[in-house]
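Asker: The sequence shown runs 192 to 393 under our numbering.
Beta carbons: idealized from backbone N, C-alpha and C, even for Gly.
All values reported here derive from a predicted model rather than from experimental measurement.
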Amino acid sequence: MKTRVVTLLAAALLVSGCGFVGDGADEGRQEEPVKENHMTMQEAGDRAEEMLDAFLGATHPSVAVIPGASSASTCSDSTGTGSVTRRRAVVTIISSERRGNFLGVVERYWKKHGYKITSVVDNKEMPAIYATAPNDFRVALEFGYAGQANFVAVSPCVTESKVTEPSRKPVDPEAFKSEGLPYLHSDFWSRKAPDPSSSPSA
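#1: State the DSSP-derived secondary structure class of Gly-338, mapped to helix, strand or coil.
#2: Would Thr-270 be called buried (16 or more neighbouring beta carbons within 10 Å of its own) or exposed?
#3: Any chance the CB of Ser-310 is under 7 Å from a heavy atom of the ligand GTP?
#4: If contacts are defined as beta-carbon pairs under 8 Å, then Ala-324 and Val-343 qualify, I think. What distance do you get, rounded to the angstrom?
#5: Is the Cβ-Cβ distance between Pro-252 and Trp-380 less than 8 Å?
#6: Return the CA-CA distance between Thr-265 and Ser-274, expressed in angstroms with no decimal places.
#7: Apart from the five residues on each side of it in sequence, which residues of its chain come closer than 7 Å, Cβ to Cβ, to Leu-294?
#8: By the three-class DSSP mapping on this structure, what secondary structure does Asp-386 have?
#9: Give the range of the alpha helix (DSSP H) segment to which Arg-279 is assigned.
#10: Might you give, ordered along the chain, the residues of its own chain that have their beta carbon closer than 6 Å to the beta carbon of Asp-334, omitting 5 neighbours on each side?
#11: Quick one: using the 10 Å Cβ neighbour count with 16 as the cut-off for buried, is Ala-384 buried or exposed?
#12: Could you pull the DSSP bridge partners for Ser-264 from this structure?
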């Protein structure tokens, strides 16, 4: 099931090579620039986790997430460097009518924190938005199979090092066995009517 959740997002990332999210732990704070080789892959992985946590904590109404597959790879165009990818899968049901609203909330957050929106996919069932943060991390939010929303944070090329998996709370595989992903109802995000106050820009 995990493979199905991240397949579409992983395919998009293969095109980008090294490099994707933003911070936002402090309101209005800009990202610090990251120079190549000034951060290890372990530090980049920790940073990506912090950025995803900060963003998700600022999303209102809140959504429930589970960890997606994390990965690390070497950068082919720079000796001794690598890139780290961290993922989160949203298990809150976001109706097709509200997916544009959800991307609009994300877009405003990124712009407020200095992100550059690089691409928007305008599709009712499988929309997506991509951005680059001021610290050269990049972020993607994509909707895939069964309305599954996925967040991805990818670091720039940094100093190659060992990378440990982040600690995770155990996920009960029986919790969503019968319903599939996503499975949690939200009075706001699961409604079958769009909210005119939020929408992504082209």
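Answerer: From the atom records:
#1: Taking the first residue of the sequence shown as position 1, residue 338 is located at position 147. Residue state, collapsed to three classes: helix.
#2: Start at 1 with the first residue of the sequence shown, and residue 270 comes out as number 79. Thr-270 should be labelled exposed.
#3: For the ligand GTP, the structure offers nothing, since it holds no ligand at all.
#4: For the purposes of this step, residue 324 is taken as the residue at position 133 of the sequence shown. For the purposes of this step, residue 343 is taken as the residue at position 152 of the sequence shown. Their Cβ separation, rounded to whole angstroms, is 12 Å, which puts Ala-324 and Val-343 out of contact at 8 Å.
#5: What you label residue 252 is simply residue 61 of the sequence shown in a count that begins at 1. What you label residue 380 is simply residue 189 of the sequence shown in a count that begins at 1. Result yes, Cβ atoms of Pro-252 and Trp-380 sit closer than 8 Å.
#6: The residue given as residue 265 occupies position 74 in the sequence shown. The residue given as residue 274 occupies position 83 in the sequence shown. So the alpha carbons of these two residues sit roughly 6 Å apart.
#7: Position 103 of the sequence shown, counted from the first residue, corresponds to residue 294. If we look at Leu-294 and ignore the five residues flanking it on each side, its Cβ neighbours are Pro-318, Ile-320, Leu-332, Pro-391.
#8: Taking the sequence shown and counting its residues from 1, one reaches residue 386 at position 195. If DSSP states are grouped into helix, strand and coil, Asp-386 belongs with coil.
#9: The count along the sequence shown starts at 1 and reaches residue 279 at position 88. Arg-279 -> not in any alpha helix (DSSP H); beta strand (DSSP E) instead, spanning 272-281.
#10: Within the sequence shown, numbered from 1, the residue matching residue 334 stands at position 143. The displayed chain sequence assigns Phe, not Asp, to residue 334. Taken in chain order, the residues that qualify are Arg-290, Met-317, Pro-318, Ala-340.
#11: Counted from its first residue, the sequence shown places residue 384 at position 193. Exposed, since its Cβ has fewer than 16 Cβ neighbours within 10 Å.
#12: Residue 264 sits at position 73 when you count from the first residue of the sequence shown. According to DSSP, Ser-264 bridges with Ser-274.
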